[in-house]
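In what follows, a structure is listed as C-alpha cells, so that the remarks can point back to it.
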Amino acid sequence: MSSIYIHIPFCAKKCFYCDFFTSLSLQNKEEYLKVIKEELLLRKNYLENKKVKTIYIGGGTPSLLSEKELNDIFRQIYKIFNVSGKVEITIEANPDDLDKEYLRKLRKTPINRLSIGIQSFFDEDLRLMNRRHNAEQGIYAVKRAQDSGFFNISGDLIYGLPGMTSEKWIKNLNIFFDLKIQHLSAYHITYEPNTVFYKKRNSGKLKEIPEEESISQFKILKNLAGKNNMIHYETSNFGKKGFFSEHNTAYWKQKHYLGIGTGAHSYNGESRQFNIKNIGEYIKKVKKRSGFFEKEILSDADKYNDYIITTLRTMWGADISYIEKNIGEKFVKFIFDKAKKHIDNGNLTYKKNTLYITEKGKFIEDYILEDLFYF
Ligand SMILES: C[S@@+](CC[C@H](N)C(=O)[O-])C[C@H]1O[C@@H](n2cnc3c(N)ncnc32)[C@H](O)[C@@H]1O
Ligand code: SF4
Numbered sequence: 008m009s010s011i012y013i014h015i016p017f018c019a020k021k022c023f024y025c026d027f028f029t030s031l032s033l034q035n036k037e038e039y040l041k042v043i044k045e046e047l048l049l050r051k052n053y054l055e056n057k058k059v060k061t062i063y064i065g066g067g068t069p070s071l072l073s074e075k076e077l078n079d080i081f082r083q084i085y086k087i088f089n090v091s092g093k094v095e096i097t098i099e100a101n102p103d104d105l106d107k108e109y110l111r112k113l114r115k116t117p118i119n120r121l122s123i124g125i126q127s128f129f130d131e132d133l134r135l136m137n138r139r140h141n142a143e144q145g146i147y148a149v150k151r152a153q154d155s156g157f158f159n160i161s162g163d164l165i166y167g168l169p170g171m172t173s174e175k176w177i178k179n180l181n182i183f184f185d186l187k188i189q190h191l192s193a194y195h196i197t198y199e200p201n202t203v204f205y206k207k208r209n210s211g212k213l214k215e216i217p218e219e220e221s222i223s224q225f226k227i228l229k230n231l232a233g234k235n236n237m238i239h240y241e242t243s244n245f246g247k248k249g250f251f252s253e254h255n256t257a258y259w260k261q262k263h264y265l266g267i268g269t270g271a272h273s274y275n276g277e278s279r280q281f282n283i284k285n286i287g288e289y290i291k292k293v294k295k296r297s298g299f300f301e302k303e304i305l306s307d308a309d310k311y312n313d314y315i316i317t318t319l320r321t322m323w324g325a326d327i328s329y330i331e332k333n334i335g336e337k338f339v340k341f342i343f344d345k346a347k348k349h350i351d352n353g354n355l356t357y358k359k360n361t362l363y364i365t366e367k368g369k370f371i372e373d374y375i376l377e378d379l380f381y382f
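Numbering (the working numbering), first residue to last: 8 to 382.
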C-alpha cells in the first residue's frame with residue numbers, strides 16, 4: 008500500500024503560533040495548481056504501482072480550493088496512480104470555510120474525511136492565536152459537516168495555551184466530545200522560532216503555563232478521551248475504533264508515500280525527498296523538470312532513528328524483529344543497551360518482541376526517544 012500527500016501552501020490569515028510553510032498571497036494559486044498536476048505526472052513511477060490507500064490534501068488551507076480545483080487534482084491522481092477502491096481521502100479545512108454550500112460541493116469530490124482546525128471553543132483563545140474563526144463557527148462547522156453527510160471527521164485542538172487552565176481545557180474537551188466527532192488530534196502549543204508567539208513569549212508579552220499545568224492537561228486529555236471511547240493510538244492522536252487516521256498510520260508504519268507540492272516530503276524506504284520551500288522557485292523548477300527537490304539516501308542509522316521516532320509514539324510500539332530484518336542486528340543490541348534503564352524505571356516495557364512506551368513514560372517521551380537515538 009502507499010499514500011499521496013498534496014501540499015496547498017495558501018492561507019487567508021497567518022495564525023500567530025504557526026510556522027508551517029504558507030503564503031498569504033493567492034497570486035500564484037492557479038499556476039501552482041497546474042504545476043501540481045505536472046509534478047504528479049513527473050513522479051508517476053515513484054510509488055512503483057503500489058495501491059494508493061490514502062490521499063491527504065494538507066496545508067496551509069486546502070479549503071480555499073474550489074470543487075473544480077479539487078476535482079482536477081483528483082482526476083489527475085486517478086489517471087496516473089493505482090488508487091484503491093477503498094481509499095481514505097482527507098482534506099484539512101478551516102471552520103469558517105465550511106458553509107453549507109461549500110460542504111455540498113465537497114460532497115461532489117471523492118473526499119471522504121474532514122480534518123477541521125477547531126483549535127479551541129473559546130473566543131479569547133482564538134483571538135490570541137489570530138484564527139479566522141470564532142467559537143460558534145467551530146461548533147457549527149462540525150454540525151453542518153455532519154448534516155452534509157460526512158461521517159468521518161477529525162478535529163484539531165491546541166492545549167497548554169497561555170492563560171489556559173485545566174477547567175477551561177476540560178470544557179473544551181467536553182464540547183468536542185458532545186459533538187460526536189470520530190477523531191481528535193490534540194497538540195500542546197509549541198513556540199516555534201519566527202512566529203509571533205515565540206517573539207511575544209521572549210519579550211514577556213505571553214506567559215507560558217507552568218510544566219505541572221501542561222502535565223495535568225495531558226492527563227485530562229487522556230482520561231476524558233478514554234471515557235469517550237477514543238483510543239489513544241499516537242501521542243497526539245485519539246480515535247474511535249475504525250476511525251484512526253489511515254494516512255498518518257501509514258507514515259508511522261513505514262509505508263511509502265509521495266509528497267507533492269512545495270515543501271512536501273516523499274519516502275520510499277531507501278530515501279527521503281524534500282521539495283523546495285518556495286512557491287515561485289518550485290513552479291519554475293517543476294516546469295523545467297529538474298531541481299525541485301533534494302534527495303537524502305537513508306543510512307542504516309537514519310532508518311533506525313526514523314523507525315524509533317515514528318513507532319514508539321504509537322500504541323503499536325517498535326518491533327524488534329523489524330529492526331533486525333530491515334535495519335541491522337547491531338541496532339538490536341544498541342536499543343536493548345539503551346532501553347534497559349528505561350525498562351527498569353517502568354518508562355518502557357518489552358512484550359512479545361516489541362518495545363512500548365508505558366503510560367508513565369509518555370510524560371517524558373521526548374527524553375526517552377532522544378536517549379534511544381543512534382548518533
Ligand atoms: C498546519 S495546520 C493545517 C490545518 C489548517 N490550516 C488549520 O489551521 O486549521 C495543522 C495543525 O497543526 C497544529 N499546529 C500548528 N502549529 C502548531 C504549534 N506551534 N503548536 C501546536 N499545534 C500546532 C494546529 O492544530 C493545526 O490545526
Ligand atoms: S494554522 Fe493553519 S490556517 Fe493557521 S497559518 Fe497555519 S496552516 Fe494557515
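Note that CB positions come from ideal geometry on N, CA and C, so glycine has one too.
Query	Result
Is it true that the stretch 284-302 meets the stretch 41-52, where meeting means three or more beta-carbon pairs spaced less than 8 Å apart?	yes
Could you check if Gly-233 is buried or exposed, using at least 16 other CB atoms within 10 Å of its CB as the buried criterion?	exposed
Could you check whether the Cβ of Ile-146 sits closer than 7 Å to any heavy atom belonging to ligand 1?	no
Just reading off the beta strand (DSSP E) that His-239 is part of, what are its end residues?	238-241
Drop a sphere of 10 angstroms on the beta-carbon of Tyr-274, count the other beta-carbons inside from all chains shown, and report buried for 16 or more, exposed for fewer.	buried
Report the rounded CA-to-CA distance for Asn-159 versus Leu-376, giving the unit in angstroms.	32 Å
Once DSSP output is grouped into helix, strand and coil, what is the label at Arg-320?	coil
Counting only runs of 3+ residues fully inside the stretch 146-215, write out the beta strand (DSSP E) ranges in chain order.	160-166, 190-195
Using the Cα positions of Met-171 and Lys-86, report the straight-line distance between them to the nearest angstrom.	48 Å
Could you tell me which whole beta strand (DSSP E) segments of length 3 or greater appear in the stretch 19-88?	59-66
Would you mind listing the alpha helix (DSSP H) stretches within the stretch 89-133 that are 4+ residues and don't spill past its ends, in chain order?	107-113
Candidates Tyr-314, Val-149, Phe-128: which alpha carbon is nearest Trp-176's?	Phe-128
I think Ser-9 touches Lys-187, with their Cβ atoms under 8 Å apart; what is that distance to the nearest whole Å?	Wrong, their Cβ atoms sit about 32 Å apart, outside the cutoff.
Less than 7 Å separating the Cβ of Gly-156 from some heavy atom of ligand 2?	no
By DSSP, does Leu-376 sit in helix, in strand, or in coil?	helix
Between which two residues does the beta strand (DSSP E) harbouring Phe-281 extend?	278-282
Would you say Leu-164 and Phe-183 are within 8 Å of each other, going by their C-beta atoms?	yes
Please list, in chain order, all residues of the same chain as Ser-192 whose beta carbon is under 7 Å from its beta carbon, the five residues on each side excluded.	Ser-161, Asp-163, Ser-243, Asn-244
Tell me whether Leu-228 sits in a helix, a strand or coil according to DSSP, three-state version.	helix
If you measure from each CB to the nearest heavy atom of ligand 2 and keep those under 6 Å, what residues do you get, in chain order?	Cys-18, Lys-21, Cys-22, Cys-25, Phe-27, Thr-29, Gly-66, Gly-67, Thr-68, Asn-101, Gly-124
If I measure Cβ to Cβ from Arg-208 and keep anything under 7 Å in the same chain, skipping five residues before and after, which residues do I get?	Tyr-198, Glu-215
For His-254, which residues from the same chain have a beta carbon less than 7 Å from its beta carbon, with the 5 sequence-adjacent residues on both sides left out?	Ser-10, Thr-61, Tyr-63, Glu-95, Thr-97
In terms of alpha-carbon separation, which member of Gly-167, Met-322, Pro-69, Ile-13 lies closest to Gly-124?	Pro-69
Under 8 Å, with one C-beta from each stretch per pair, do the stretch 106-120 and the stretch 21-30 reach the 3-pair mark?	no
Going by beta-carbon coordinates alone, are His-195 and Tyr-240 separated by less than 8 Å?	no
Determine the direct distance from the alpha carbon of Pro-102 to that of Met-136, and round the result to whole angstroms.	14 Å
Three or more beta-carbon pairs under 8 Å between the stretch 297-313 and the stretch 348-359, yes or no?	no
Which residue marks the beginning of the beta strand (DSSP E) containing Gly-246, and which one marks its end?	244-246
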